[in-house]
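A.B. asks:
There are 2 protein chains.
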Amino acid sequence: MGRDHGVVAIAGQIGVVASVALNLAALAFYLHGRIFGASAGEKEAGKKMKKAAAVAPSSGKPPVAPDSTINLDHGDPTMFETFWRGTMGEHATLVIPGWQTMSYFSDVSNLCWFLEPGFEREVRRLHRLVGNAAAEGYHVLVGTGSMQLFQAALYALSPPADAGPISVVSPVPFYSSYPAVTDFLKSRRYRWAGDANTFEGDEYIELVCSPSNPDGGIREAVLKSKSGKAIHDLAYYWPQYTPITQMLAHDVMLFTVSKCTGHAGTRIGWALVKDREVAKKMNMFLELNTIGVSKDSQLRAAKVLEAVADGYERQPADTTGDASLLFHYARRQMACRWRALRAAVAASGIFTLPDEVAGFCTFAKDTVSANPAFAWLRCDKEGVEDLEVFLREHKIITRSGTRFGADPKVVRISMVDTDEAFGIFVDRLAAMK
Amino acid sequence: MGRDHGVVAIAGQIGVVASVALNLAALAFYLHGRIFGASAGEKEAGKKMKKAAAVAPSSGKPPVAPDSTINLDHGDPTMFETFWRGTMGEHATLVIPGWQTMSYFSDVSNLCWFLEPGFEREVRRLHRLVGNAAAEGYHVLVGTGSMQLFQAALYALSPPADAGPISVVSPVPFYSSYPAVTDFLKSRRYRWAGDANTFEGDEYIELVCSPSNPDGGIREAVLKSKSGKAIHDLAYYWPQYTPITQMLAHDVMLFTVSKCTGHAGTRIGWALVKDREVAKKMNMFLELNTIGVSKDSQLRAAKVLEAVADGYERQPADTTGDASLLFHYARRQMACRWRALRAAVAASGIFTLPDEVAGFCTFAKDTVSANPAFAWLRCDKEGVEDLEVFLREHKIITRSGTRFGADPKVVRISMVDTDEAFGIFVDRLAAMK
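Top to bottom, those sequences are chains A and B. Number 114 in full-length UniProt numbering belongs to position 114 of the first sequence; there are no gaps in the numbering. Number 285 in full-length UniProt numbering belongs to position 285 of the second sequence; there are no gaps in the numbering.
1) Which runs of the beta strand (DSSP E), 3 residues or longer, sit entirely within the region 309-395 of chain B?
2) When you compare each of B:140, B:98, B:99 and B:134 to residue 115 of chain B by their alpha carbons, which one comes out closest?
3) Against residue 265 of chain B, what residues of chain A qualify as contacts under a CB-to-CB distance less than 7 Å, listed in chain order?
4) Quick one: using the 10 Å Cβ neighbour count with 16 as the cut-off for buried, is residue 53 of chain A buried or exposed?
5) Ordered along the chain, which non-local residues of its own chain (more than five positions away) have a Cβ less than 8 Å from that of residue 299 of chain A?
6) How would you label residue 412 of chain A, buried or exposed, when you count the other beta carbons within 10 angstroms and need 16 or more for buried?
7) Does any residue of chain A bring its CB to less than 7 Å from the CB of residue 187 of chain B?
8) Look up residue 204 of chain B in the DSSP assignment and give the residues it is bridged to.
9) Quick one: which chain A residues come within Cβ less than 7 Å of residue 184 of chain B?
10) Using beta carbons (cut-off 7 Å, strictly below), is residue 89 of chain A in contact with chain B?
11) Chain A partners of residue 280 of chain B, CB-CB under 7 Å?
12) Among residues of its own chain, excluding the 5 on either side of residue 87 of chain A, which ones have a beta-carbon nearer than 6 Å to its beta-carbon?
13) Helix, strand or coil: how does DSSP classify residue 193 of chain B here?
14) Is residue 286 of chain A closer than 7 Å to residue 344 of chain A when the C-beta atoms are compared?
15) Any residues in the region 118-149 of chain B with a beta carbon nearer than 7 Å to a beta carbon of chain A? Which ones, in chain order?
16) Ignoring anything shorter than 4 residues or poking outside the region 230-283 of chain B, list the alpha helix (DSSP H) runs there in chain order.
17) By Cβ distance below 7 Å, which residues in the same chain neighbour residue 417 of chain A in space, the five residues on each side in sequence not counted?
18) For residue 143 of chain B, which residues does DSSP report across the bridge?
19) With which residues is residue 410 of chain B paired in a DSSP beta bridge?
20) Under 8 Å by Cβ, that's how I've got residue 258 of chain B and residue 145 of chain B pegged, so tell me the actual separation to the nearest angstrom.
21) Is there a Cβ from chain B that is less than 7 Å from the Cβ of residue 53 of chain A?
22) Can you give me the Cβ contacts of residue 367 of chain B inside the same chain, cut-off strictly under 8 Å, excluding the 5 residues immediately before and after it?
23) Residue 273 of chain A: buried (16+ other C-beta within 10 angstroms of its C-beta) or exposed?
24) Counting only beta-carbon separations shorter than 7 Å, does residue 169 of chain B have a partner in chain A?
25) Going by DSSP, name the residue or residues bridged to residue 123 of chain A.
26) If we define contact as Cβ-Cβ less than 7 Å, is residue 76 of chain B a contact residue for chain A?
27) Can you tell me whether DSSP reads residue 399 of chain B as helix, strand or coil?
28) Enumerate in chain order the residues of its own chain whose CB-to-CB distance from residue 262 of chain A is below 6 Å, with the five nearest sequence positions on each side excluded.
29) Is the distance from the Cβ of residue 103 of chain B to the Cβ of residue 60 of chain A below 7 Å?
30) Should the region 204-222 of chain A be regarded as contacting the region 303-314 of chain B, the criterion being three or more beta carbon pairs within less than 8 Å?
31) Beta-carbon within less than 7 Å of residue 283 of chain B's beta-carbon, same chain only, minus the 5 sequence neighbours each way: which residues are those?
32) From residue 396 of chain B to residue 216 of chain B, what does the alpha carbon distance come to, in whole angstroms?
33) Can you name the residues of chain B whose CB is closer than 7 Å to the CB of residue 403 of chain A?
34) What three-state label does DSSP hand residue 72 of chain A in the structure shown?
35) Does chain A have any CB closer than 7 Å to the CB of residue 97 of chain B?
36) Interface residues of chain A around residue 116 of chain B at Cβ under 8 Å?
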């Protein structure tokens, strides 16, 4: 894996020391009050800390119980929370003083003038570490999630509007949001045109999602016209989901921290864009749509990506575990879940899943199996015409195949929810006959 | 002003104590290393703290010198930074642990399921404090800046697309971004139709920006058709810019922290929406456009708004100053700048400004003058046909009146940039003959 003990490695160790020191100071302050009895001022401070903890952040979907409805419709990556509550969590803590980053601008000399330099640096560093995509020579753009960048790419790649809307296509099964996001504003620049496999013509934008949402398959563009354009949605091209078999170098590549580190709530995605004019047009979209992107979330994403890379580049405290190695930790979790799901499907006997695939991962330096972020579950049982409805009767919320251009006997199921929700789901599935 | 000494007041004081205590711990840790000589681990921790401070956040536009080009094109509200570096700054510091707010969801029971409850609470509290808009009985939506919410409102208020695009209008001079943002995707749902004063027809969406960007005037809808719709852009309806003369209660009202507290980089706006169906459609836009809004920025905005309201509701440490009273502090700054600008215009003799207006402010409980966030500067000098070009020759970047539907003898100039930039600007202006 190349656990480099150089400058970056030392910086990583220092980070943990600083972070732990600050936490110990806060802990000591708290314990002092608990054990020795607190002064009035300390008691008030303690109350405030509790109040802040009680009112500040939301916690996402409510916890589940064995008889709960289990919502696996969205790919809400709450599975990752356990990793960030562990060793590396403190390393990713962000502190923003009240006066910081108030300006609209981050770097007036950059084409993407609202891109935080620290975030760009960590994006490039992560791609060097993982080897999944070429960042060298590419422009980095930041978006409010990768779906905003997808729209920016449609805007940049579509011809001037008088030429009529260009066709936007993707092979079935395609990501269910593509049609709605392409069409909701009824643009004269572009329009959804469905399955790429049946498309005829030379002018189009093909959306290539690889590994595929919903079915996890590795995809390449199916259309080959010279004048056609492609947008590569690589949200799931990370080692926990699939072997990294090559360093991709497409014209427009989209990524998101949601699926890489699990921080969906930060709404930060990024694009690697080869052509400067395309990057400029995409940036124009981001200016007009939202006048840039949250700096607080960019700083947080930078901190989180820094923690991920530091975890690999420094000497881990516990050399046998994976508590500081995000992709190893998450791949182990995903592999465990896929074993559990395949066992449940075998126990039930009425479902099928895509075949397991494996490949040599240049990051893991080993042959590993793919563990997609979604299960593309099919039901062969007679009488079950609509699997989404059937599962909903068992209080499992999934997304129907019809939303992906496929048939209603198949559904997409999130594999990245909490341990509790996933456990109840597989238990229920195994019991269905 | 109602400086309440109740529960909220005490909470405010406690906040400062807790914050100061944590800072003292960090300071002690730092000083220990400086004064007593640090251990290797402590030295490393110190280095890391410096490294974090050096690399983490951007600082916006570069500093200016007396011969610099002064960019007052955007309303970049960096003027506010001095306030947040003062007494209240520490109260607004945000800490986010690595594991927090990872989910897409904030409150699944809310129509706006990605709205952080703490942010909504502080928005409602601030409107109660200032009295500028009715929040009671309104839905609160959060957006990536108020311009995203503007687009969400266009989407929600436009008819089904087959009815053809609805006309979007605003009286001249209108905010320069309205035409571009309305038209850049060439939607079949809505299209820019120019000056509301000359529009004929009953079906339209009128954009009412009050106080007006660019000229600071108080506006009401100019069109009165029963079937017409209005969007009220109230970004500048805060006490530092204009007397608060009434509590507004329009159907759709847009606000942004950028202009309220100066935190443009957080990209957080909010909408108060009366009708539930309109709020649902606006929310649908936000889902499709960016799958919600940065939680980190929502938490930060909540913290900043909390600090503003706490500053008014607790007993200020220094009862004579305004270091804890944002609106008083900012109004004083703005008034000072407007005096300096009017003096420079008088000294020059070739420019004119809109007349000063005043009114009774229900928040300040006094008659106060308006201090708009932009100066709408006109030049009567013969031979100056294009004021934007003329000022650019003097290395002052402004926005031409033509961008606002007005003539080229007028420009819009930001009044909310740094003290340094503003000072150089008025000095140069005074010297122009």
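Backbone N, C-alpha and C define an ideal beta-carbon position, used for all residues, glycine too. Quantities reported herein were computed from a predicted structural model and do not represent experimental measurements.
C.D. replies: The answer reads as follows:
1) DSSP runs (the beta strand (DSSP E)) wholly in the region 309-395 of chain B: 358-361, 366-369 and 374-379.
2) It is B:140 whose Cα lies nearest to the Cα of residue 115 of chain B.
3) 101, 102, 103, 104 and 295
4) With a pLDDT of 34 at residue 53 of chain A, under the threshold of 50, the predicted position of this residue should be treated as unreliable, though the coordinate-derived value follows. The residue in question, residue 53 of chain A, is exposed, as its Cβ has fewer than 16 Cβ neighbours within 10 Å.
5) 94, 96, 101, 116, 118 and 119
6) buried
7) yes
8) B:167
9) 288
10) Chain B contact via Cβ: present.
11) Within 7 Å of the CB of residue 280 of chain B, no CB atom of chain A is found; the nearest one sits about 14 Å away.
12) 323 and 324
13) Strand, per DSSP.
14) In this structure, residue 286 of chain A does not lie closer than 7 Å to residue 344 of chain A by Cβ.
15) 118, 144, 145, 147 and 148
16) 257-260
17) 72, 76, 78 and 79
18) B:269
19) B:378
20) 7 Å
21) With a pLDDT of 34 at residue 53 of chain A, under the threshold of 50, the modelled position of this residue cannot be trusted, and the question is left open.
22) So the qualifying residues of the chain are 243, 358, 359, 360 and 361.
23) Burial call: buried.
24) no
25) Answer is none; residue 123 of chain A lacks a bridge partner.
26) yes
27) strand
28) 77 and 80
29) yes
30) no
31) 111, 112 and 141
32) In a straight line, the C-alpha of residue 396 of chain B is about 21 Å away from that of residue 216 of chain B.
33) Within chain B, no residue comes near residue 403 of chain A; the closest Cβ sits about 14 Å away, beyond 7 Å.
34) coil
35) yes
36) 57 and 58
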